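Q: Below are the structure tokens for one structure; questions will follow.
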Ligand SMILES: N[C@@H](CCC(=O)N[C@@H](CS)C(=O)NCC(=O)O)C(=O)O
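Numbering (my numbering), first residue to last: 5 to 235.
Have a look at this one:
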């Protein structure tokens, strides 16, 4: 069994998609981000950056194996299942390139844009504009990569699973896909997969949807090193 530490956000969906695609035996542990579950000592043992997603793999010889960071988790699960990652050196290199692109670019820029669209006080125009531009720039990167390709690596893989969630929520972030027809087609193709539907529905009722904001929640927002001392 794999314990899956999860909250219903785009970063959580990435791993939920892979667990569903592979049919792994997993149990979801809901991390209540607004209540500070991510800073509990038991969770920090598994995810030292105090973020979900994370997993604890019990299907191993010896002690259960903790894995944090979505890109690392997807590679771990791809190697465990032997699925959704090319095994030839060039294919593997391309997988790593697109995973690193996602976790270093599309993910954090989308995350910051979401912060300023959904949770920050009004009047943060420069910040919002910066991340809106960066999010748009990353859509263009994906658009160019998908030219002449159905999927990021040619065949459906963990590279699609990691990039899909942040493209899925383009509209709520205020971005239009009209100028990115390859991304729009790819998004449409992916969102019909049963595994992706199941992942997005996982604990859907627990989505934040404006409940916790920068003004009313000092656990999830305005963080500093102090947060690691609070629990
Ligand atoms: N680079 C990380 C990002 C994970 C991340 O930012 N998770 C957010 C939710 S979407 C989180 O756990 N936030 C809790 C917090 O900031 O306290 C990954 O891709 O796994």
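Positions of the beta carbon are idealized from the N, C-alpha and C atoms, including for glycine.
Predicted model only: the values in this text are computed from it and were never measured.
Is residue 18 buried or exposed, if buried means 16 or more other CB atoms sit within 10 Å of its CB?
A: Indexing the chain shown from 1 puts residue 18 at position 14. By the 10 Å Cβ count, residue 18 comes out buried.
Q: Just confirm the distance between the C-beta atoms of residue 170 and residue 14, as a whole number of angstroms; I'd bet it's less than 8 Å.
A: Sequence index remark: in the chain shown, residue 170 carries index 166 (1-based). Sequence index remark: in the chain shown, residue 14 carries index 10 (1-based). Confirmed, Cβ separation roughly 5 Å.
Q: Would you report the Cα separation of residue 25 and residue 70, rounded to the nearest angstrom?
A: The residue labelled residue 25 in the question sits at position 21 within the chain shown. The residue labelled residue 70 in the question sits at position 66 within the chain shown. Rounded to whole angstroms, residue 25 to residue 70 spans 20 Å at the Cα level.
Q: With a CB to CB cut of under 8 Å and the five nearest residues on each side skipped, what residues in its chain are close to residue 102?
A: Locating residue 102 in the chain shown gives position 98, where the first residue counts as 1. So the qualifying residues of the chain are 149, 156, 157, 163, 166 and 167.
Q: Give the secondary structure of residue 65 by DSSP, where H, G and I count as helix, E and B as strand, and everything else as coil.
A: As a first step, residue 65 is located in the chain shown; it is residue number 61 there, counting from the start. Coil, per DSSP.
Q: Please determine, among 90, 5, 42 and 21, the residue with the shortest C-alpha to C-alpha distance to residue 64.
A: In the chain shown, counting from the first residue as 1, residue 64 sits at position 60. When only C-alpha atoms are compared, the closest one is 5.
Q: Quick one: what's residue 31 bridged to in DSSP?
A: Sequence index remark: in the chain shown, residue 31 carries index 27 (1-based). For residue 31, which the question treats as bridged, DSSP gives the partners 7.
Q: Pair every Cβ in the segment 25-44 with every Cβ in the segment 85-100, then say whether three or more of these pairs are closer than 8 Å.
A: Output reads yes: the segment 85-100 touches the segment 25-44.
Q: Closer than 7 Å by C-beta to residue 37: which residues in its own chain qualify, once you throw out the five before and the five after it? Chain order, please.
A: As a position in the chain shown, residue 37 is number 33, starting the count at 1. Same-chain partners within the cutoff: 11 and 224.
Q: Can you check whether the CB of residue 96 is closer than 8 Å to the CB of residue 89?
A: Here residue 89 corresponds to residue number 85 of the chain shown, with the count starting at 1. Here residue 96 corresponds to residue number 92 of the chain shown, with the count starting at 1. Yes, these two residues count as a Cβ contact at 8 Å.
Q: Using the beta-carbon count (16 or more within 10 Å), is residue 229 buried or exposed?
A: Against the chain shown, residue 229 aligns to sequence position 225. Label assigned to residue 229: exposed.
Q: In this structure, does DSSP put residue 20 in helix, strand or coil?
A: Working through the chain shown from its first residue, we reach residue 20 at position 16. Residue state, collapsed to three classes: helix.
Q: Measure the C-alpha to C-alpha separation of residue 135 and residue 33 and round it to an integer number of angstroms.
A: Within the chain shown, residue 135 is the residue found at index 131, counting from 1. Within the chain shown, residue 33 is the residue found at index 29, counting from 1. Their backbone Cα atoms lie some 31 Å apart in a straight line.
Q: Is it a yes or a no for the segment 117-126 touching the segment 174-183, going by three-plus beta-carbon pairs under 8 Å?
A: Counting Cβ pairs under 8 Å, three or more are found: they touch.
Q: Which value, in whole angstroms, describes the spacing of the CA atoms of residue 203 and residue 20?
A: Within the chain shown, residue 203 is the residue found at index 199, counting from 1. Within the chain shown, residue 20 is the residue found at index 16, counting from 1. So the two alpha carbons sit approximately 5 Å from each other.
Q: Within the continuous alpha helix (DSSP H) that includes residue 103, where are the two ends?
A: Residue 103 sits at position 99 when you count from the first residue of the chain shown. Run containing residue 103: 93-105, per the alpha helix (DSSP H) assignment.
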